[in-house]
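Visitor: Oh and the sequence shown: position 186 is 1372 in the working numbering, straight run, nothing missing. Even for Gly, the Cβ is constructed at its ideal location relative to N, Cα and C. Computed from a prediction, not measured in an experiment: that's the story for all the values here.
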Amino acid sequence: MAKKAKNFGIKALLRLYEVRLLLKGAKWPFLISFILTTVFIFKDGVNVALIEEVVGLVLNIIPSLLGFVLSGYALLIGFGNIEIIAKKKNPTKPTLYQKVSTVFAVGLIMQIALLVFAFAVKILIKANLTCCAGCIYLCKLTNYAIFFLLVFGLLYVVIMIKDLVINIFNFSQVQHFMINKENETPSA
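#1: With 16 as the cutoff for other CB atoms within 10 Å, does isoleucine 1248 come out buried or exposed?
#2: For cysteine 1325, does the three-state DSSP call read helix, strand or coil?
#3: Terminal residues of the continuous alpha helix (DSSP H) containing valine 1205?
#4: Which residue comes first and which comes last in the alpha helix (DSSP H) that contains leucine 1282?
#5: Check asparagine 1246 in the structure and name its three-state DSSP category.
#6: Cβ of isoleucine 1311 within 8 Å of Cβ of glutamate 1238?
#7: Here's the rule I'm using: 16 or more other beta-carbon atoms within 10 Å means buried, otherwise exposed. How should alanine 1306 be labelled?
#8: Do you know how far the Cα of leucine 1243 is from the Cα of arginine 1201?
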């Protein structure tokens, strides 16, 4: 029973999704976020109004994106011919089905985390917290960090759609080749 339990849940998901993929996908969003944050630091600084704008963008974009990706995931899992892509050829490597499913699941989890983070930031902004006189630098640093995380998260999940599209394409290509392989007749 213990062996079966480790095949499910968040631990299995993290085991199947390679950290290398997370880091590779974070390269461009990190660089763009760093540049934007640096520009705003040297231009006008990062104030609550700017953070509120970014929170608004996240809260407007992510729910639609979340619905779109969740629908695609449900269609892929529910209507795909998994017999073709779920066969294990190498016992140590995940199947194409596991890879596709994992990328979708990680994308959805990241979108949910970003949505929750943006919602929490919005609530904190509405609480109208003030910065004490001795904590000005800490408050500025917090604003920079929140701005960076919001921009990074938004860029990461939007750019991650590319990986989802590639996985769906790979899934369809495998199905195409398997179907055509079955239909080939040996020539005499």
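Guide: By the coordinates alone:
#1: Along the sequence shown, one-based indexing puts residue 1248 at 62. When all chains shown are included, isoleucine 1248 counts as buried.
#2: Along the sequence shown, read from residue 1 onward, the residue named residue 1325 stands at position 139. Correct three-state label for cysteine 1325: helix.
#3: If you number the sequence shown from 1, residue 1205 lands on position 19. Unbroken alpha helix (DSSP H) run through valine 1205: 1205-1229.
#4: By one-based count along the sequence shown, residue 1282 stands at place 96. Segment 1282-1312, the alpha helix (DSSP H) holding leucine 1282.
#5: Taking the first residue of the sequence shown as position 1, residue 1246 is located at position 60. Helix, per DSSP.
#6: Taking the sequence shown and counting its residues from 1, the one referred to as residue 1311 is at position 125. Taking the sequence shown and counting its residues from 1, the one referred to as residue 1238 is at position 52. Yes, the pair counts as a contact, with Cβ atoms nearer than the cut-off.
#7: Residue 1306 sits at position 120 when you count from the first residue of the sequence shown. So alanine 1306 ends up on the exposed side.
#8: As a first step, residue 1201 must be located in the sequence shown, where it is residue number 15. As a first step, residue 1243 must be located in the sequence shown, where it is residue number 57. Computed Cα separation, rounded: 32 Å.
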